[in-house]
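K.L.:
This note's numbering runs 172 ahead of the 1-based position in the sequence shown. Questions regarding the structure given below will be posed in turn.
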Amino acid sequence: MLLLDARTILLLMAFTAVPTALVLLAVSRFYAASVRGVWHWTGANIALAAGLLLLGLSQTANELPARVVGNTLLVVTTALYYLAIQRLLGDKPSNRLAWTTVAAAGVIFALLWSSAAPHRLAVGTLSIALMILTGLSSARLLLPLSSEKPVSHRFTGLLFLLGCALMTGRLLHAIFSDNPPAHLFAPHFWQGMILGGAHITTMLMSLGFALMIVDQLASELNRLATLDALTGIGNRRVFYTRAESELARCRRKGTPLSLLMIDLDRFKSINDALGHAAGDETLRRFAALVHPHLREYDFFARLGGEEFAVLLPDATEEVALGIAERLRELTEAEHLPAPGFPVPTTASIGAAQLLAHERAIDQLMHRADQALYAAKSSGRNRVVAASWLEETTAVLAPAPGHSVASAPLPRTSRK
């Protein structure tokens, strides 16, 4: 029967953990600001290497460095893995639970060493501590069950579940076996198989964590590419992509599509009087003010400067005007940037509904933009519909040789 040497396995695991720690240190150096948990995982691998070296280089498994320090470091490793996962996923780390488990295991190891207790008790203590922490890590990554979970999360969660199963098997073998290994280095088939499985599983866990980091970085890059960095809403690029998609959908299903173009009035006065930081804060506050008052499937984006757009799927111009007027009133009531500012910014809004003959989003945007220009020209802080503007222009079209400059502007929704 093939017997795997426990000392060799432990030393291999220790030397494998060192380069993994160095790689993660390099990652943490470049991405510490955006990737949480890297330092915890790096520390875990360093603790793993140190603990395994103490165990692997000891003469007997009952020496103080091996029994107490080495085994406690293995529990520290698993605790740091658990905390790293929580931090990576944005949870509040369960520090008290993790370090209480470490402290309890360390005290028990010390008591077992001082009383020269049988090896199986140390195995049972270590197995229970590792079962608790690997089980918690697995549950955090796998639950609730959902097909939307990233593959890297499910892969790593299954590895922690496998680690928990290996420790459960080791615990049951230590308790119920008629002939358990007398010490860590005793030649024993099942002990060698469990330790070998733990070695492979631990290496794959670090691979899984690295894949989770890659997923998070990819998600962050995608967020930066699609969101406006200042306000956190959609940017110009993603607005056009979404608008083209909605246009195709409404054409296919025969549903209406409307658009609001919004410009903050006298915004330059804020920058001139209070500085660009105050202007940026005003834009952020405006975005935060508007977003909760839109429908779930509306799309709000900043096109640049103080100009915003709201895409309104399944909305007629009448519905769009109702939404626009509510946003105008909210902005006026907010008195941005501050209650005491002498010239607060308000919102001028142009609204337009996609016409039957329009095949490009630029056509809809042009009409909404023309309505916005009319709102600005007629006194600001008002809503103008593209249909009103078009009807007025048609009725008041000047005779040849006359200018349209004197033609009255369309009636607005301002009361």
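Glycine included, C-beta positions come from ideal geometry on N, C-alpha and C. In this text the structure is predicted, and so the values were computed from the model without any measurement.
Could you check how far apart the C-beta atoms of Ser-520 and Leu-544 are, in whole angstroms? I think they sit under 8 Å.
P.N.:
Along the sequence shown, one-based indexing puts residue 520 at 348. Along the sequence shown, one-based indexing puts residue 544 at 372. Going by Cβ atoms, the distance from Ser-520 to Leu-544 rounds to 6 Å, so yes, they are a contact pair.
K.L.:
For Ala-204, which of helix, strand or coil comes out of DSSP?
P.N.:
For the purposes of this step, residue 204 is identified with residue 32 of the sequence shown, where counting begins at 1. With a pLDDT of only 49 at Ala-204, under 50, the local geometry of the prediction cannot be trusted, and the value read off the model is given with reservation. DSSP places Ala-204 in coil when its eight states are reduced to three.
K.L.:
Throw me the rounded Cβ distance for the Gly-215 and Leu-252 pair, which I believe falls under 8 Å.
P.N.:
By 1-based counting over the sequence shown, the position of residue 215 is 43. By 1-based counting over the sequence shown, the position of residue 252 is 80. The Cβ separation is near 5 Å, so the contact holds.
K.L.:
As an exercise, report each continuous alpha helix (DSSP H) stretch of at least 4 residues that is fully enclosed by the stretch 246-314, in chain order.
P.N.:
Qualifying alpha helix (DSSP H) stretches, in chain order: 267-286, 291-314.
K.L.:
Would you mind stating whether Gly-329 and Leu-344 have Cβ atoms separated by less than 8 Å?
P.N.:
Sequence index remark: in the sequence shown, residue 329 carries index 157 (1-based). Sequence index remark: in the sequence shown, residue 344 carries index 172 (1-based). Against a cut-off of 8 Å, the Cβ pair of Leu-344 and Gly-329 comes out as no contact.
K.L.:
Which ranges would you report for the beta strand (DSSP E) in the stretch 453-526 if only whole runs of at least 3 residues count?
P.N.:
Listed in chain order, the complete beta strand (DSSP E) runs (minimum 3 residues) inside the stretch 453-526 are 471-476, 479-485, 519-525.
K.L.:
Return the residue from the list Leu-527, Leu-194, Phe-513, Gly-522 that minimises the CA-CA distance to Trp-496.
P.N.:
One-based indexing of the sequence shown puts residue 496 at position 324. Here residue 496 is Ala; the residue named in the question, Trp, does not match the sequence. The residue with the shortest Cα to Cα distance from Ala-496 is Gly-522.
K.L.:
Below 8 Å on the Cβ atoms is my guess for Leu-461 versus Glu-506; work out the distance and round it to an integer in Å.
P.N.:
Along the sequence shown, read from residue 1 onward, the residue named residue 461 stands at position 289. Along the sequence shown, read from residue 1 onward, the residue named residue 506 stands at position 334. So it is a contact: roughly 6 Å between Cβ atoms.
K.L.:
Can you list, in chain order, the residues of its chain whose CB lies under 8 Å from that of Arg-498, leaving out five sequence neighbours each side?
P.N.:
The residue given as residue 498 occupies position 326 in the sequence shown. Once the five neighbours on either side are set aside, the close Cβ partners of Arg-498 are His-465.
K.L.:
Along the chain, where does the beta strand (DSSP E) containing Leu-432 start, and where does it finish?
P.N.:
If you number the sequence shown from 1, residue 432 lands on position 260. Where Leu-432 is concerned, the enclosing beta strand (DSSP E) stretches over 429-436.
K.L.:
If you draw a straight line from the C-alpha of Arg-292 to the C-alpha of Ala-346, how long is it?
P.N.:
Taking the sequence shown and counting its residues from 1, one reaches residue 292 at position 120. Taking the sequence shown and counting its residues from 1, one reaches residue 346 at position 174. Cα to Cα, the separation comes out at about 5 Å.
K.L.:
In this structure, how does DSSP classify Ala-189 when only helix, strand and coil are distinguished?
P.N.:
Locating residue 189 in the sequence shown gives position 17, where the first residue counts as 1. It is helical.
K.L.:
Considering Leu-210, what are the terminal residues of the alpha helix (DSSP H) in which it resides?
P.N.:
What you label residue 210 is simply residue 38 of the sequence shown in a count that begins at 1. A small fix is needed here, since residue 210 is Val in this sequence, not Leu. Looking at the DSSP string, the run of the alpha helix (DSSP H) that includes Val-210 is 210-228.
K.L.:
Would you kindly work out how many angstroms separate the C-alpha atoms of Ser-559 and Leu-261, rounded to a whole number?
P.N.:
For the purposes of this step, residue 559 is identified with residue 387 of the sequence shown, where counting begins at 1. For the purposes of this step, residue 261 is identified with residue 89 of the sequence shown, where counting begins at 1. Between Ser-559 and Leu-261, the C-alpha separation is close to 49 Å.
K.L.:
Report the three-state DSSP secondary structure of Leu-317 (helix, strand or coil).
P.N.:
Here residue 317 refers to the residue found at position 145 when the sequence shown is read from its first residue. Reduced to three states, the DSSP call for Leu-317 is coil.
K.L.:
I'd like the span of the alpha helix (DSSP H) that includes Ala-415, first residue to last.
P.N.:
As a first step, residue 415 must be located in the sequence shown, where it is residue number 243. Per DSSP, Ala-415 belongs to the alpha helix (DSSP H) from 408-425.
K.L.:
I'd like the list of long-range same chain contacts for Leu-399, defined as Cβ closer than 8 Å, with 5 residues on each side in sequence excluded.
P.N.:
Here residue 399 is taken as the residue at index 227 of the sequence shown, counted from 1. Closer than 8 Å at the Cβ level, and outside the excluded window around Leu-399, lie Ile-405, Gly-406, Asn-407, Val-410.
K.L.:
Please name the residue or residues paired with Ala-557 in a DSSP beta bridge.
P.N.:
Start at 1 with the first residue of the sequence shown, and residue 557 comes out as number 385. Looking at the DSSP assignment, Ala-557 forms a beta bridge with Ala-523.
K.L.:
In the DSSP assignment, the alpha helix (DSSP H) including Thr-387 goes from what residue to what residue?
P.N.:
Stepping through the sequence shown from its first residue, residue 387 is reached at position 215. The amino acid at residue 387 is misidentified as Thr; the sequence shows Asp. Asp-387 -> alpha helix (DSSP H) spans 361-398.
K.L.:
Measure the C-alpha to C-alpha separation of Pro-428 and Ala-524 and round it to an integer number of angstroms.
P.N.:
Within the sequence shown, residue 428 is the residue found at index 256, counting from 1. Within the sequence shown, residue 524 is the residue found at index 352, counting from 1. So the two alpha carbons sit approximately 11 Å from each other.
K.L.:
Rounded to the nearest angstrom, what separates Thr-413 and Thr-340 at their Cα positions?
P.N.:
One-based indexing of the sequence shown puts residue 413 at position 241. One-based indexing of the sequence shown puts residue 340 at position 168. Taking the straight line from one Cα to the other gives about 51 Å.
K.L.:
Pull up the distance between the alpha-carbon of Gln-363 and that of Phe-471, whole angstroms please.
P.N.:
Here the question's residue 363 lines up with position 191 in the sequence shown. Here the question's residue 471 lines up with position 299 in the sequence shown. Whole-angstrom Cα-Cα distance: 59 Å.
K.L.:
Can you have a look at Val-279 and say buried or exposed, based on whether 16 or more other CB atoms are within 10 angstroms of its CB?
P.N.:
What you label residue 279 is simply residue 107 of the sequence shown in a count that begins at 1. Label assigned to Val-279: exposed.
K.L.:
How long is the line joining the alpha carbons of His-288 and Glu-235, rounded to whole angstroms?
P.N.:
As a first step, residue 288 must be located in the sequence shown, where it is residue number 116. As a first step, residue 235 must be located in the sequence shown, where it is residue number 63. Here residue 288 is Ala; the residue named in the question, His, does not match the sequence. Using only the alpha carbons, I get a separation of about 10 Å.
K.L.:
Taking 6 Å as the limit between beta carbons, can you name the residues of its chain near Ile-218, skipping five residues before and five after?
P.N.:
Within the sequence shown, residue 218 is the residue found at index 46, counting from 1. If we look at Ile-218 and ignore the five residues flanking it on each side, its Cβ neighbours are Ala-193.
K.L.:
Taking the Cβ atom as the reference point for each residue, do Ile-158 and Leu-419 lie within a distance shorter than 8 Å?
P.N.:
Residue 158 is absent from the structure shown; the chain starts at 173 and stops at 587.
K.L.:
Excluding the 5 residues flanking Ala-450 on each side, which residues of the same chain have their C-beta closer than 7 Å to its C-beta?
P.N.:
Indexing the sequence shown from 1 puts residue 450 at position 278. Cβ neighbours of Ala-450 beyond the five flanking positions: Ile-442, Pro-509.
K.L.:
For the alpha helix (DSSP H) that Gly-341 lies in, which residues bound it at each end?
P.N.:
Taking the first residue of the sequence shown as 1, we reach residue 341 at position 169. It spans 323-348 - the alpha helix (DSSP H) in which Gly-341 sits, taken as one unbroken run.
K.L.:
Comparing C-alpha positions only, which one of Val-248, Ala-282, Leu-527 sits nearest to Asn-267?
P.N.:
Within the sequence shown, residue 267 is the residue found at index 95, counting from 1. Considering only alpha carbons, the answer is Val-248.
K.L.:
Taking 8 Å as the threshold (C-beta atoms), are Ser-310 and Leu-383 in contact?
P.N.:
Sequence index remark: in the sequence shown, residue 383 carries index 211 (1-based). Sequence index remark: in the sequence shown, residue 310 carries index 138 (1-based). Against a cut-off of 8 Å, the Cβ pair of Ser-310 and Leu-383 comes out as no contact.
K.L.:
Between which two residues does the alpha helix (DSSP H) carrying Ala-445 extend?
P.N.:
On the sequence shown, position 273 is the one that residue 445 refers to. Unbroken alpha helix (DSSP H) run through Ala-445: 439-446.
K.L.:
Smallest Cα separation from Leu-333: which of Ala-370, Trp-213, Asn-394?
P.N.:
Against the sequence shown, residue 333 aligns to sequence position 161. Of the candidates Ala-370, Trp-213, Asn-394, the one whose C-alpha sits nearest the C-alpha of Leu-333 is Ala-370.
K.L.:
Exposed or buried, what is Ser-299 when buried is set at 16 or more other beta-carbons lying within 10 Å of its beta-carbon?
P.N.:
Here residue 299 corresponds to residue number 127 of the sequence shown, with the count starting at 1. The residue is buried, with at least 16 neighbouring Cβ atoms inside 10 Å.
K.L.:
If you reduce the DSSP assignment to three classes, tell me which class Thr-244 lands in.
P.N.:
Here residue 244 refers to the residue found at position 72 of the sequence shown. In this structure, Thr-244 counts as helix in the three-state DSSP scheme.
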